[in-house]
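Asks: The following block contains the structure, expressed as structure tokens.
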Amino acid sequence: MEYRRIKDQDKIGDPVNEDIESLRGKPILDVAAPYDKTKWKMKSIVTLALTFLTSSQAILIVWSKRAGRYEYSVTTANFLVEALKCALSLVALGRIWRTEGVTDDNRLSTTVDEVSVYPIPAALYLVKNLLQYYIFAYVDAPGYQILKNLNIISTGVLYRIILKKKLSEIQWAAFILLCAGCTTAQLNPSSDHVLSTPFLGWMMAIVMALLSGFAGVYTEAIIKKRPSRNINVQNFWLYVFGMAFNLIAILVQDFDAVVNKGFFHGYSPITVLMIINHALSGIAVSMVMKYADNIVKVYSTSVAMLLTAVVSVFLFNFHLSLAFFLGSTVVSVSIYLHSIGKLQR
């Protein structure tokens, strides 16, 4: 579906809403005041939260497997993730309604035109989340981390195409360095099979990167289209469609297993912890998109990859190699170059 569907919403809504399409060559969000401490604090909190939550996702997914397979239904797990995110959004809205009252920006009632854009990212996230589980059948954790870096470049390209946001040459160079740094940090010099991924695994990784990048940038466009709209309302509608699509996935893929064994068959405490982690990560991502942007999200998840390696030292007796230190240095330089490039843009 063309991005013009988002553009059409401006013709009906509040006149203060500015057409994203008209911002060609301009940043999608107006520049905040240089010393906006409240916004800076919120951006820092959500970015740190996303980094912490993302760093443990791959570990929890691997831990949730038994004898190399998932004993639970991944579609039911994804459904519960969306349901939990939806419930948390409603709880947050309830607190806002009690303290601030119900306004046009935080009420759940909306128009068909506003809601009609949410099924697109919800469907993309459904496929991406399912691939996130199935790709572990073809790669190990280090291989997954390496292939996941494809999302860095796809996000940068789609960020330029969809949001019309111009990136400087320094920022493009920083993207390439970031991808190279994260890849280098995850390499295992004692193994010859880290990159020995079957063709189907590569295809799944490429599709997952493209879906993740497109869904993230598209969602950011939706969220920032109406900056005054409460983020919890926007999350609620996105997660409602996410629940609907995951319910369809359950009926198509795991209907017999759910009927015969039960909805929660194969669940363990690790599975429950993984669902909570994914739910909180999803909310943190939306908050980053609201108060920062997809570029911050990419760097946050990239730093999380390095943090995962550090945590693995204590959990799995992982030995930090020279490649890890070199990769960490390259990532640090990349983050610095990106910040410089943003200021000079």
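Going letter by letter, the sequence shown gives residues 1428 to 1772 in our numbering.
No residue lacks a Cβ here, since even glycine has one placed at the ideal position from N, Cα and C.
(1) Assign leucine 1749 to one of two classes, buried (16 or more other C-beta atoms within 10 Å of its C-beta) or exposed (fewer than that).
(2) Rounded to whole angstroms, what is the Cα-Cα separation between proline 1654 and valine 1554?
(3) Please state whether the Cβ-Cβ distance between valine 1566 and leucine 1577 is less than 8 Å.
(4) Measure how close the beta-carbons of tyrosine 1586 and valine 1539 come, nearest whole angstrom, since I'm counting them as under 8 Å.
(5) List the endpoints of the continuous alpha helix (DSSP H) containing serine 1516.
(6) Taking 7 Å as the line, does the beta carbon of isoleucine 1710 fall inside it for any heavy atom of the ligand ATP?
(7) Measure the Cβ-Cβ separation of glycine 1754 and alanine 1612 and say whether it is below 8 Å.
(8) So, with DSSP's three-state summary, where would you put arginine 1653?
(9) The alpha helix (DSSP H) that contains glutamate 1541, what's its start and end?
(10) Would the beta-carbon of tyrosine 1545 fall within 8 Å of that of tyrosine 1497?
(11) Whose C-beta lies closer than 7 Å to the C-beta of cysteine 1513 among residues of the same chain, with five residues either side of it excluded?
(12) Hey, histidine 1692 and tyrosine 1499: beta-carbon distance below 8 Å or not?
(13) Give every residue of the same chain whose Cβ lies closer than 6 Å to the Cβ of serine 1491, excluding the five residues on either side of it in the sequence, and list them in chain order.
(14) In terms of DSSP beta bridges, what is arginine 1493 paired with?
(15) What did DSSP end up calling tyrosine 1726 once you bin it into helix, strand or coil?
(16) Could you have a look at phenylalanine 1691 and say whether DSSP puts it in helix, strand or coil?
(17) What three-state label does DSSP hand leucine 1558 in the structure shown?
(18) In angstroms, rounded to a whole number, what distance separates the CA positions of asparagine 1659 and glutamate 1596?
(19) Which same chain residues end up closer than 8 Å to isoleucine 1767 when comparing Cβ atoms and leaving out the 5 residues on each side of it in sequence?
(20) Using only the alpha-carbon positions, how far apart do glutamate 1509 and methionine 1630 sit?
(21) For a quick check, are the C-beta atoms of alanine 1706 and leucine 1511 less than 8 Å apart?
(22) Grouping DSSP H, G and I as helix and E and B as strand, with all else coil, what is proline 1548?
(23) Give every residue of the same chain whose Cβ lies closer than 7 Å to the Cβ of valine 1473, excluding the five residues on either side of it in the sequence, and list them in chain order.
(24) Check the C-beta distance from phenylalanine 1641 over to alanine 1550 and give it rounded, since I have them as a contact under 8 Å.
(25) For phenylalanine 1751, tell me which candidate among Val1542, Leu1674, Cys1609 has the shortest Cα-Cα distance.
(26) Assign histidine 1746 to buried or exposed, taking buried as 16 or more other Cβ atoms, counted over all protein chains shown, within 10 Å of its Cβ.
(27) Near leucine 1764, what residues of its chain come up, given a Cβ to Cβ distance below 6 Å and the 5 sequence neighbours on each side ignored?
(28) To the nearest angstrom, how far is the alpha carbon of serine 1695 from that of arginine 1493?
(29) Over what stretch of residues does the alpha helix (DSSP H) that includes alanine 1676 continue unbroken?
(30) So what does DSSP say about methionine 1746, is it helix, strand or coil?
(31) Span of the alpha helix (DSSP H) holding valine 1584?
Replies: Put simply:
(1) So leucine 1749 counts as exposed.
(2) Looking at the two C-alpha atoms, the distance is approximately 28 Å.
(3) The answer is no: Cβ separation not under 8 Å.
(4) Taking the Cβ atoms as the reference, tyrosine 1586 lies roughly 28 Å from valine 1539, outside the contact range of under 8 Å.
(5) Where serine 1516 is concerned, the enclosing alpha helix (DSSP H) stretches over 1501 to 1527.
(6) Although the ligand ATP was asked about, the structure shown includes no ligands whatsoever.
(7) Yes.
(8) Assignment of arginine 1653 by DSSP, reduced to helix, strand and coil, places it in the coil class.
(9) Residues 1539 to 1542.
(10) The answer is no: Cβ separation not under 8 Å.
(11) The answer, listed in chain order, is Phe1663, Tyr1666, Val1667, Met1670.
(12) Yes; because the gap between Cβ atoms is below 8 Å, this pair is in contact.
(13) Excluding positions up to five away in sequence, the list reads Ile1697, Thr1698, Met1701.
(14) Per DSSP, Arg1496.
(15) Three-state DSSP puts tyrosine 1726 in a helix.
(16) Collapsing the DSSP output to three states places phenylalanine 1691 in coil.
(17) Secondary structure of leucine 1558 (DSSP, three-state): helix.
(18) For asparagine 1659 and glutamate 1596, the distance between alpha carbons rounds to 35 Å.
(19) Cβ within range, chain order: Ile1597.
(20) Cα to Cα, the separation comes out at about 26 Å.
(21) Their beta carbons are under 8 Å apart, which means alanine 1706 touches leucine 1511 by this criterion.
(22) DSSP places proline 1548 in helix when its eight states are reduced to three.
(23) Non-local C-beta neighbours of valine 1473 in its own chain, meaning closer than 7 Å and more than five positions away in sequence, comprise Ala1711, Met1714, Val1715, Tyr1718, ordered along the chain.
(24) 11 Å between Cβ atoms; not a contact.
(25) Checked all of Val1542, Leu1674, Cys1609; the closest Cα to phenylalanine 1751 is Cys1609.
(26) Exposed: under 16 other Cβ atoms inside 10 Å.
(27) If we look at leucine 1764 and ignore the five residues flanking it on each side, its Cβ neighbours are Ile1597, Ala1601.
(28) Roughly 10 Å separates the two Cα atoms.
(29) DSSP places alanine 1676 in the uninterrupted alpha helix (DSSP H) bounded by 1658 to 1680.
(30) Reading off the sequence shown, one finds histidine at residue 1746, where the question assumed methionine. Coil at histidine 1746, not helix or strand.
(31) From DSSP, the alpha helix (DSSP H) with valine 1584 extends over 1577 to 1589.
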